Every structure is written in C-alpha cells, then in structure tokens.
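Residue numbers (my numbering): 24 to 906.
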C-alpha cells in the first residue's frame, strides 16, 4: 500500500520534473555538459528515493545530501524543516564533507541564531535560487563559517516547509540557475514522497493502535460501501467471525450467510431498512463463524449520508458477547436458584451485618427481608449459644474456608429450632474475607421423626419399655458402675408361662393387653435404680443394681412371682391368671460380660420352665449342658453345609393386595435334620453365628436363590422379585459385591429380580467398606430393603445416605394394629408417612388378619407378606403356586 502512495507521488511530480528540465535547458548554454551530468545525478537520486521505506528514509536523505554536497564541493549541506507554528527547526539532517564535528558545530551555531530566522524568511523567498551575500546575513555567515550560502526553499502549496542550505567556501562550485531549478524540482519530490511516507507511517501506527484497542476491548468494526455493496472488516471484526487470514471483505449476501438461521430474518430486515432510511441500529443476534462456532454478538450500525443527502454506506461495530451472555445466564440461573431453593440463605459482610436473604430464609425464620437487612446475624441467636462454640465456627471458617454442622436458632416468634447450616467465607482478590454466606435447613421435623424412630429403636412399641437393643447398653453401664463400687448386679429373665395359649385362644389383642398390664406392674414395684425391659414376645428382663446378697434377690423374685400371678382384667368379663418363670444370673458370680450374663439368665429361665413352670432358678454350672448342646448343633450344622442336601430353601409369597397378584417372595432357609426333622432358623442361626458359619449360610442361600430364579425363568414362569436376607457380618465383611456379580453372570440373571434384605444394624456405621458394598450393589442394579424396620437403630440419615429402596415393617408393629391402644397404629402411620416422604416402597410382613390388611391398605401400603396370604412353602409347593 505504501508503494502505491509513493508511485502516486511520483506521477504527480513527473510533470513538474519535465517542466524543470525544459526550463533548465533553455537557460543553459546549449554546449554545456552540466545538464546531462546534473540530470543523471538527480535522476539517480530520484530512482533511489522512490524505493525508500519508513525505516530507510533517514539514511536515504543523508546519502542524497552527501551526493549533492560532493557535486558542488560544499563544506556542509543542511536540510531545514518548518514546524506547524512556522518556526524553523534549524537542523533536520546535516552533512559535512569536511567531517562530522565541523557539521555539528555549524548546526550548533545555527541553533543559537534561530530566533533571527523569521526576519530573513521573506528575503529567502524573494531571492529563491540566488546566493545571498548581503550584510544582513552576516550572522548566518559567521554561524556557518562560510563565504556564501544558497537556500533552495521548498514551498508546497505556497506554504513554507523548509529548505536546503548549501554552504560554500572559496573552493565550492556555486550552482548555476538551471542546476538550482533541478535541485528545486528534486526537493519538491523529496517533500511529497517523505510527507506521504510519514503520513503512511502515522496512518499505519493509528491502524495498529486501533487494532490493538479493538482486540483489547473485543470490539471490531466494519464499513459497507453502497456503491460496491462490499463490507470491509477490521482485524478484530474478522477474528470475531473467524474469517480466514486473507479474507477482510464480504458481500452483504455473504455476511447474511453467517447469521444464525433463527436470527437471519430479523437481521436481513434491518439491513433492508438501512438501505432506504438513515438511522442507528443496535441489536443482538447470533452468528455461525467460518469455523462453525456459534457466537452471540452485539452489533451497532449507522448509515452514512453524503453531501448530496444520498445514503453512501454504513459503518458499524460488532462485539462478541457470548461469554458475557453466558455469565449473565449463569447469574440469572444463580439468582433463580437463590430465590427458589428451599434452604434459607443469609449473606453477611465481614462484620456479621446482614446484606441479603432469600425467600426461604423469610419463610423459615418469620422475618421479612426489610427487618433483617443491616442487622447483625445475632438477631437469630437463641441467646443460649455458647460463645466458645461460635468462636469455633469462626476459627473453622478462617482455617478451612467453611463450617458445617447443626446449630439452634430462634424464629421471630421466639421459637427455638434446630437447623443444619453451612457457613462459607468469601474472600476478595487480596485474600481478605469480605462476606460470609450461611445456608441452612430447618430440621425440626427431621429431629422429631428421628426422636420417634429413636424411641422405636430403643423401646418396645407395645409396652414402652426399653427393648433388647437398649437394655444391653443399660446393663453394660450397670456393670461398669458395679465394677467401680465392687457391688453386685442381678439379671432376672422373666417369662410368662403358657402365653402362647392365651394368644391362640383369646387372640393377640388380649395377649397385648396382658403384656401391657404386666409391664406396668413391673415398673410400679421396682426401685428407681432398677431397670425393666421387654426382650420380645412374653419375655422381660429385670436388672437389680447394688445387690447385697442372694437373699435379697430371692425376695425380689418371690415378690415378682406373686405380683405377676395376680389376676388380670383384660376386658373379657373374666379374670385371667398366668404364672411366671424367672431365671437369675449375678454379676460377677456368673459372668462379667453382658452377653454372658444374659445368656446365663436365659438358660436359668428355661431350666425353671422345665422344672414345672412358675418357678425361679439361679444359674449354675450344672446348666451348661445347654451350651454343650449348642456346640453339638454347630458341629452338625457344619457337616450339613458340606453335604448341602440337608439344607432347603423355602419361599413365602409377597402379594399386591390391590389385585391379589404375586409380586415377589422371600427366600427362607430350613434345616431338614436327619434326627430332629425340620429345624427353623431362629434355632440354628445363632449357633451358626457363634460357630463362624453365618456367612457360609448366607452365600448358600444367595446362590440357591439365584439358581432357583434361573430355573423358573427357564421354565417360562412370570418373573418375580426374590428377596434374600443378608446378615450383618456378611454385609460388612467385604466380598459380597464380587460374589453377586459372579452369580448374576453365571446364571444370566437380570438384577432387577433380586432384592437383598439387610437389618438396620448393618447400616449403623458408614464405614468405607459399607459404603463401597452399597455402591457396588446399586451399580449392579440390585435393590436394597431394610428388614424389620423400626426394631433397631433408625435414622433418616442412613435412609438418605445409602439410597435404600424399600422398608419392611416388622411384624411386631403389625401385631399391634388391632389393639385397643392407639399407640401401635400411630407408630405404623409414622413409618408409612416417612417412607412416602422419602420415596421408599413399603412391605408389611407378618400380616395374619383381615383387619391388619385393611388398616395397612387404608394407610397407603399395598405389598404384604404373612400367613393371611400364605405360610412359607417348599420349592415344589411354591413352584406350583407361581406356575
């Protein structure tokens, strides 16, 4: 582009050069040979000068002046330049053929008298091309140390630009007039070319600056010429459209091809309007770049109007706002989340003053936003918060960046409520804390539900007494106290004689009423330091602390037998009488561990029953035969596992009562003992656990169940879900997932038809092994059910954490549904509501009556298992059932 500028200058100058040659030849002697030599010199300088560039301009000017100086044997040739204020910059370039030092001195001298330059300006212009030797130029003579000088001024468009000083001494050759004309013509070209080069350099610099500015701002620009209908892009605009490096122009049609299809009609209409009416247009639309990327741009265009009020074109700018739009969308989404989440959010500055809250905060606390803005976060303090606790929260935020836990706060109405809160500190670019963000959840209902479930887990739902799980903890505490005080503790295992006959003859409601009266009698007659618990069925445990001697224990057992043998009014218009058998074990006489003492008390109780019932019996070593029998049974079980033929898998149907459709079955193990006949699990499973065989039994049941499922599927039976119980030791020991994966692959089973039932105890501790086992089971596609739900430790946390699929309500709750007391029904409804809230399926086991079935159906439970539908069946009977 710069070359074309120089060529244009040369064309403009050529006419002047031709005229200068004509004038010079006319004035010169026809025989003079100086003109060709001078013409060759100037022509050579011109050709060289036309090839100059911004980077070589300075050097080329020096060389040209040097050649001119040599031609006329000038001591110095000085090029002057005029500034915009018409003051002369004394020296632009100086060349001294005598040496650089002399030239610099002449320049310095000339600078010292530059203030006198204006008074000579008109004289120089008037005496163009002549040597000045007047006395008025004396200062210049002295400054330049010369006998004469010649000024060849450059006056483009009649404005003084500068000139060429040729300094002469006695040996110099004074230029002849025609030579001065040639010099004048050369300087004219020199000015035009140098001015164009400087202008081009400045324009280039401005264009580069514009390109850098556009790149920094991310804003490109373009121009459209209505005569050519072509759009010229700047570098940044081309970058936004991802045009190829050599493409900087597009037609209007090509431009429209870049517009995203959905946005093209509106943009095309805007283009059309700009052709017929002036105005400014501002819009946002999407484009598909040359590389196929979709970008969102903001475009501003303005129509240009010529002098004759005719539309000449358009100019515009484009800005890539894709990232900005994405950030705006993310901010909008964050704002919507902030407004819609159910957790309360409070934002405070680094001094704890509230800057913002979301609607959930207002709903939970009862405060409106205006009431809390600018208030300290302590407005929610229940005035009981421990300062050390609050300081620990702050320390955690400073150390870890956040704090998470449970805290008690206060609503506007004064109600104190628990909440789970996460406090996060926000830091600025200098790592200083600028804000705190608190996100909290009202867990009042969760705590209430957990308290109810905790009660269910630790207390008998029928009598309200501690259950087997919690009494073991209480006994352990009593033993620790006794060990410290060197005292004794007695455990009394109380069993009601012939209680099963009462249930069978009078019904479960009568039996439940009897148990409740029995529990009240025990609580009412014992000391506050003593403990009463229900172990299950018709069995109770009494713990006597701080016992002095066996006589004291005997007095208590006699008192309890008399108390519990009194008549019972259970609302049947007749008194009911029962006897009790009591077994006693004493710490430390009969053991020092809880399990040992409980077992010994149970052994003594069975001995009392075998002795004629309604007796009491202290444990003694003579009663260890029962333990020996258990050992023998364990040995026989080990042999049965090796033979496998003695073990059988039975199945109890699981029904959907709404349509009386079979939906599944529970696999139950039975031991067909060669001498004793069919033995149920409640007898040999404890033996298996003591003998370390429980996992072996689990895997036998699991593989047998998979084999049976595969067999049914091969026979074309409709698929059902088969539930298999997995004991806690097997579940937490590891290896279960690998075994399941192998069985599914070997038998080619769809995992959706297999369900594992585990007890709450297996989920109590979230160890990495438990977490990995559950994750592996879920990944295989096998469902998880919590068996005997409500009889162990219950927490909503594990139900959510472990992603269980189903709750099996224990039969002990089902048995209370037809009692006169409302408590059992309330507890069952609570469990059903809990399951519904957590999205869990529910199955009621132990359903034996139509009343139980009806109650469960009315409260949203449709899947059942129990004798009302079918007792457990052998595999042959069950196969006929589902066939």
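The C-beta atom is built at its ideal place from N, Cα and C for all residues, glycine as well. Keep in mind that this is a model prediction, so the values were computed, not measured.
Is residue i helix, strand or coil by DSSP?
| i | result |
| --- | --- |
| residue 532 | helix |
| residue 757 | coil |
| residue 846 | helix |
| residue 96 | coil |
| residue 144 | Low confidence applies to residue 144: its pLDDT is 46, below 50, so where it sits in the model is not reliable, and the reading given next is rough at best. Note: residue 144 maps to helix in three-state DSSP. |
| residue 443 | strand |
| residue 696 | strand |
| residue 681 | coil |
| residue 791 | helix |
| residue 607 | strand |
| residue 448 | strand |
| residue 261 | helix |
| residue 244 | strand |
| residue 255 | strand |
Rounded to whole angstroms, what's the CA-CA distance from residue i to residue j? Just pull it up for me.
| i | j | result |
| --- | --- | --- |
| residue 621 | residue 856 | 36 Å |
| residue 755 | residue 791 | 10 Å |
| residue 892 | residue 637 | 37 Å |
| residue 655 | residue 521 | 29 Å |
| residue 78 | residue 200 | 34 Å |
| residue 540 | residue 592 | 9 Å |
| residue 495 | residue 617 | 7 Å |
| residue 807 | residue 794 | 13 Å |
| residue 890 | residue 504 | 46 Å |
| residue 316 | residue 262 | 12 Å |
| residue 479 | residue 834 | 13 Å |
| residue 894 | residue 886 | 16 Å |
| residue 975 | residue 722 | The first residue shown for the chain is 24 and the last is 906, placing residue 975 beyond what the model contains. |
| residue 805 | residue 516 | 41 Å |
| residue 363 | residue 286 | 32 Å |
| residue 634 | residue 652 | 18 Å |
| residue 573 | residue 610 | 11 Å |
| residue 700 | residue 669 | 10 Å |
Note down, in chain order, each residue of its chain lying with its Cβ closer than 6 Å to the Cβ of residue i, except the 5 sequence neighbours on either side.
| i | result |
| --- | --- |
| residue 696 | 702 |
| residue 715 | none |
| residue 324 | 304, 337, 339 |
| residue 632 | 604 |
| residue 351 | none |
Check for me: the alpha helix (DSSP H) holding residue i runs from which residue to which?
| i | result |
| --- | --- |
| residue 385 | 382-388 |
| residue 376 | Run containing residue 376: none; DSSP gives neither H nor E here. |
| residue 455 | Counting along the chain, residue 455 falls outside any alpha helix (DSSP H), and DSSP gives it neither H nor E. |
| residue 902 | 898-905 |
| residue 361 | 345-363 |
| residue 559 | Counting along the chain, residue 559 falls outside any alpha helix (DSSP H), though it belongs to the beta strand (DSSP E) covering 554-559. |
Would residue i and residue j qualify as a contact pair, given that the criterion is a beta-carbon distance under 7 Å?
| i | j | result |
| --- | --- | --- |
| residue 926 | residue 725 | The requested residue 926 is not part of the displayed model; the chain covers only 24 to 906. |
| residue 674 | residue 896 | yes |
| residue 566 | residue 485 | no |
| residue 283 | residue 253 | no |
| residue 690 | residue 766 | no |
| residue 853 | residue 475 | yes |
| residue 698 | residue 687 | no |
| residue 202 | residue 61 | yes |
| residue 397 | residue 384 | no |
| residue 719 | residue 664 | yes |
| residue 704 | residue 692 | yes |
| residue 488 | residue 542 | yes |
What residue range is occupied by the uninterrupted beta strand (DSSP E) comprising residue i?
| i | result |
| --- | --- |
| residue 431 | 425-433 |
| residue 512 | 511-519 |
| residue 640 | 639-641 |
| residue 829 | 829-832 |
| residue 809 | 806-812 |
| residue 305 | 303-311 |
| residue 714 | First-last for residue 714: undefined, no H or E at that position. |
| residue 566 | 562-570 |
Below 7 Å CB to CB, which residues in the same chain sit around residue i once its five sequence neighbours on both sides are set aside?
| i | result |
| --- | --- |
| residue 403 | 388, 432, 433 |
| residue 586 | 544, 548 |
| residue 602 | 520, 588, 636, 637 |
Using a Cβ-Cβ distance under 7 Å, would residue i count as near chain C?
| i | result |
| --- | --- |
| residue 791 | Included in the structure is just one protein chain, with no chain C present. |
Spatial neighbours of residue i within its chain, please: CB distance less than 8 Å, with the 5 preceding and 5 following residues excluded, ordered by chain position.
| i | result |
| --- | --- |
| residue 809 | 780, 781, 782, 783, 786, 822, 827, 829, 830, 831 |
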